[in-house]
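Protein sequence lines, in the order shown, are assigned to chains A and B.
The first sequence begins at 78 in our numbering and counts up one residue at a time.
The second sequence begins at 78 in our numbering and counts up one residue at a time.
So the structure is just underneath, and the comments pick up after that.
There are 2 protein chains.
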Amino acid sequence: MQQVELTKALYRAFFHEWAEQGFAALSLERVAARAGAGKAAIYRRWSGKLQFADEAINTLALKMAAFEDKGSLDADVRAFHLRLRTVLRHPLVRRILPDIHAEAARLSEMKAISERVAQARREEASKIIERSIARGELPQTLDRSVALDFLPSSIYWRMVVIKNTLSADELELHAKGTTAALRALSSSH
Amino acid sequence: MQQVELTKALYRAFFHEWAEQGFAALSLERVAARAGAGKAAIYRRWSGKLQFADEAINTLALKMAAFEDKGSLDADVRAFHLRLRTVLRHPLVRRILPDIHAEAARLSEMKAISERVAQARREEASKIIERSIARGELPQTLDRSVALDFLPSSIYWRMVVIKNTLSADELELHAKGTTAALRALSSSH
DNA sequence: TGTGGTTGAAACGGTACCGTTCCAACCATA
DNA sequence: TATGGTTGGAACGGTACCGTTTCAACCACA
């Protein structure tokens, strides 16, 4: 009977090592040591690093809390950005998420994980777009795919790529710019 | 007298290994083997991985060709996006660039490299913004920092984070949305 | 030609880490 | 209590890789 507490400790250690070393250099021996375990405990649960990562990611609440309807596109975008900023500030997330993206360019299994992470977020983002269309704020002909690019991208760029903080004023500007971008889009097909 | 051709071969090998393995897992022994060299050739030139990376990045033409003035914000943004798409399609760039960003979250020396890479691009991007202000298309009070977030971010998100291609039509929409975002910004200070 | 210095592939000695094995401890069952 | 099975830390045998050393080849200069 595997110990549930040990499995949890292993997941915690795995995330910490992932954040510190990156996936490529992550050592299962160090994960085991960090969790106060031996490697057999890891190999009895997972066949290797990729499966460990895959299932570690699964333990996270990938399903974001549903966004409540704020009543307008502006307000919805602001709320989405605020939450995204909060997520991207987390010390583990802000190191692991870009590492997933980098690794996804090298490893197809990691690409699959990256897509799964993105999918959950995209579903919630889509609701914002669809609600806005239903309210008549955005056109029915909106290119959803490009709209979904605009929704998170400027915040991601600022916090993950440039690695600068985002003040409340800047967050406001980002929401304003993003909303304007969404309004400017319409399908060209 | 160190052989110039060997130094070049080492840089080429380094970039290839970086793209394939990521910086964290990059092995100087493999770089040497790939270049048909021994490790002493590496250690006589560079003290280790970080210095090698630092100087390898320096060998690239970081100074982008200056953007010629296309006459309007729309056209400038379109041209900027087109070039960014081209750059991000390069098989080495699309693997190394996100890896730099991921590593920058772990290693301060890599953060310095990442900032240097970004700086060259930001200078050219700034010129687009300043020209547009000079033409009267954008307000003098524009928040430059947020504007510079919007300029590359949707393309980066699409190509590097989501890892999907960008058609010509979509590129057009991205430029349209980005331009609208820039127009919507004005400083709140 | 002899001398001194530089260069770089191959070898070296040592460590980290891999996946596997060992075996004591524990649990369930007859 | 005895038996069989599971679990997991420690040890194992092997490989990759590190930074350093060796030494043949080469160059420049007197």
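C-beta: ideal position from N, C-alpha, C; glycine also.
These figures come from a predicted structure and were not determined experimentally.
- Note that the C-beta distance between Ala114 of chain B and Leu159 of chain B is not below 8 Å.
- Inter-residue distance for Lys85 of chain B and His251 of chain B is about 38 Å (C-alpha atoms, whole angstroms).
- For Phe227 of chain A, the nearest beta carbon of chain B is closer than 8 Å to its own beta carbon.
- Going by DSSP, Ser203 of chain B is part of the alpha helix (DSSP H) stretching over 185-212.
- Taking 8 Å as the upper bound on Cβ-Cβ separation, chain A lies near residues Glu247, Glu249, Leu250, His251, Lys253, Gly254, Thr255, Thr256, Ala257, Ala258, Leu259, Arg260 of the stretch 247-260 of chain B.
- Listed in chain order, the alpha helix (DSSP H) elements of length 4 or more contained wholly in the stretch 229-258 of chain B amount to none.
- Among the CB atoms of chain A, one or more fall inside 8 Å of the CB of Glu180 of chain B.
- In the three-state reduction of the DSSP assignment, Thr218 of chain B falls in the coil class, being assigned neither a helical nor a strand state.
- With respect to the C-alpha of Ser149 of chain A, the residue from A:Arg212, A:Glu249, A:Ser222 having the closest C-alpha is A:Arg212.
- Secondary structure at Ala182 of chain A: coil, using DSSP grouped into helix, strand and coil.
- Within its own chain, the residues whose Cβ lies closer than 6 Å to the Cβ of Ala96 of chain A, once the five positions on either side in sequence are excluded, are Leu169, Arg172, Ile173, listed in chain order.
- For the pair of segments examined, the stretch 193-204 of chain A was found not to touch the stretch 112-127 of chain B: the number of CB pairs separated by less than 8 Å stays below three.
- In chain order, Leu250, Lys253, Gly254 make up the part of chain B whose C-beta sits under 7 Å from the C-beta of Leu262 of chain A.
- In the three-state reduction of the DSSP assignment, Gln80 of chain B falls in the coil class.
- Taken in chain order, the members of the stretch 186-198 of chain A whose beta-carbon sits within less than 8 Å of a beta-carbon on chain B are Lys188, Ser191, Ala195.
- Spatial neighbours of Asp153 of chain A in its own chain (CB-CB distance under 8 Å, excluding positions within 5 residues in sequence) are listed in chain order as Phe144, Asp146, Lys147, Ile205, Arg208, Ser209.
- In this structure, Phe227 of chain B lies near Ala258 of chain B, with their beta-carbon atoms less than 8 Å apart.
- Chain B has a Cβ within less than 8 Å of the Cβ of Glu97 of chain A.
- Look at the beta carbons and you see the stretch 233-242 of chain B touching the stretch 222-240 of chain A: at least three pairs across the two are nearer than 8 Å.
- In this structure the stretch 175-182 of chain B lies against the stretch 174-181 of chain A, because at least three pairs of beta carbons, one per stretch, are closer than 8 Å.
- When CB distances to chain A are screened at a threshold of 7 Å, the residues of the stretch 161-175 of chain B falling below it are Arg171, Arg172, Pro175, in chain order.
- Counting only runs of at least 3 residues, the stretch 101-142 of chain B fully encloses no beta strand (DSSP E) element at all.
- Annotated three-state conformation of His93 of chain A is helix, per DSSP.
- In this structure, the beta-carbon distance from Phe100 of chain A to Ala133 of chain A does not fall below 8 Å.
- Restricting attention to A:Asn135, A:Val108, A:Val238, the CA atom closest to the CA of Arg193 of chain B is found in A:Val238.
- Using a CB distance cut-off of 8 Å, Ala109 of chain B does not count as an interface residue toward chain A.
- Boundaries cannot be given for Leu169 of chain A, as no alpha helix (DSSP H) includes it and DSSP labels it neither H nor E.
- Per DSSP, reduced to three states, the secondary structure at Lys85 of chain B is helical.
- Here Ser191 of chain A is buried: its Cβ has 16 or more other Cβ atoms, across all protein chains shown, within 10 Å.
- If you ignore the 5 residues before and after Gln98 of chain A, its C-beta comes within less than 6 Å of no other C-beta in its own chain.
- Residues Ile210 of the same chain have their beta carbon placed closer than 8 Å to that of Gln217 of chain B, with the five preceding and five following residues left out of the count.
- Within the model, the alpha-carbon separation for Arg166 of chain B versus Ser244 of chain A is close to 32 Å.
- Of all residues in the stretch 235-246 of chain A, only Arg235, Val237, Val238, Ile239, Lys240, Asp246 place a beta-carbon less than 7 Å from a beta-carbon of chain B.
- Taking the Cβ atoms as the reference, Ala110 of chain A lies roughly 11 Å from Leu87 of chain A, outside the contact range of under 8 Å.
- Under the three-state reduction of DSSP output, Leu262 of chain B falls in the coil class, being neither helix nor strand.
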